[in-house]
Amino acid sequence: MNSLALLLLSLSVSPSTVSALPSGGDTQLQSRQDIQSQALDLHNNARAQFGASPLTWNGEILGQVQAHANKCVFEHSGDSGVGENIAAGTGNFGMSNAMDSWMGEASKYDYNNPGFSDATGHFTQVVWKSTTQVACAIASCGANTIFSDPSHFVVCQYTPPGNFAGEFPQNVGRPVN
């Protein structure tokens, strides 16, 4: 039986977030072009639900995103000038699993007290209105790297980064009807 574990981490200028959640699985690890298409579709569909403009793909940072994913070490890259969400899971974990988990935080966001929260940092980076570009990569990681079982590591970087103190009210929109 395929067990599935998930780790998430969000980074920008604000504090980091770590959480462990169960999630379903994508059917297969995708090609780089499939990842680009899926990442943009998932991000832009999510952003539209919160009144944020669509993102474009940032091919200039893709190399650093993929290099970090390929390390199969569950930690932030430390790359400057970008926001970053990371997630990892066993089984057939992929981009849609990471996005489902990040967007699952939306219900916890407090619009009456806007600001950074460890419980919502992934969500706020995804829908941050001032962010205009994204690049994502997925790496297959061997057993005993991130988990004791083989896993997949998802890394997305965002430019310009989000989650800046004092900028949440104008950058995190309420759900649109």
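Letter by letter, the sequence shown follows residues -20 to -1, 1 to 157 in mature numbering (1 follows the signal peptide of the UniProt record, and there is no 0). Just so it is clear, CB atoms sit at the ideal spot from N, CA and C, and this is done for glycine as well.
Asked                                                                                                                                                                    : Found
Using the three-state DSSP reduction, which class does T70 fall into: helix, strand or coil?                                                                             : strand
If we count Cβ pairs, one from each stretch, closer than 8 angstroms, do we get three or more for the segment 119 to 128 versus the segment 102 to 109?                  : no
Near M75, what residues of its chain come up, given a Cβ to Cβ distance below 8 angstroms and the 5 sequence neighbours on each side ignored?                            : D6, Q10, I15, Q18, A19, L22, C116, I118 and V134
Please specify which runs of the alpha helix (DSSP H), each continuous and at least 4 residues long, are wholly inside the segment 22 to 58, giving them in chain order. : 39 to 50
Can you give me the start and stop residues for the alpha helix (DSSP H) that T104 sits inside?                                                                          : G101 to V107
Could you check which residue in T139, A67 and V45 has the C-alpha nearest to that of T36?                                                                               : T139
What's the gap between the Cα of F73 and the Cα of G84?                                                                                                                  : 16 angstroms
Taking A78 as part of the alpha helix (DSSP H), name the residues at either end of that continuous run.                                                                  : M75 to M83
For a quick check, are the C-beta atoms of P94 and V53 less than 9 angstroms apart?                                                                                      : no
From G146, P130 and S120, pick the residue whose C-alpha is nearest to that of A47; which is it?                                                                         : S120
Which one of T111, G146, V156 and V107 has the shortest CA to CA distance from N38?                                                                                      : T111
Are the C-beta atoms of G31 and some chain D residue less than 9 angstroms apart?                                                                                        : Here there is only one protein chain, and chain D is not present.
Under the three-state reduction of DSSP, which class applies to F148: helix, strand or coil?                                                                             : helix
How would you label S81, buried or exposed, when you count the other beta carbons within 10 angstroms and need 16 or more for buried?                                    : buried
Taking a contact to mean a Cβ-Cβ separation below 9 angstroms, would you say V62 touches P141 in this structure?                                                         : yes
Does DSSP put S131 in a helix, in a strand, or in coil?                                                                                                                  : strand
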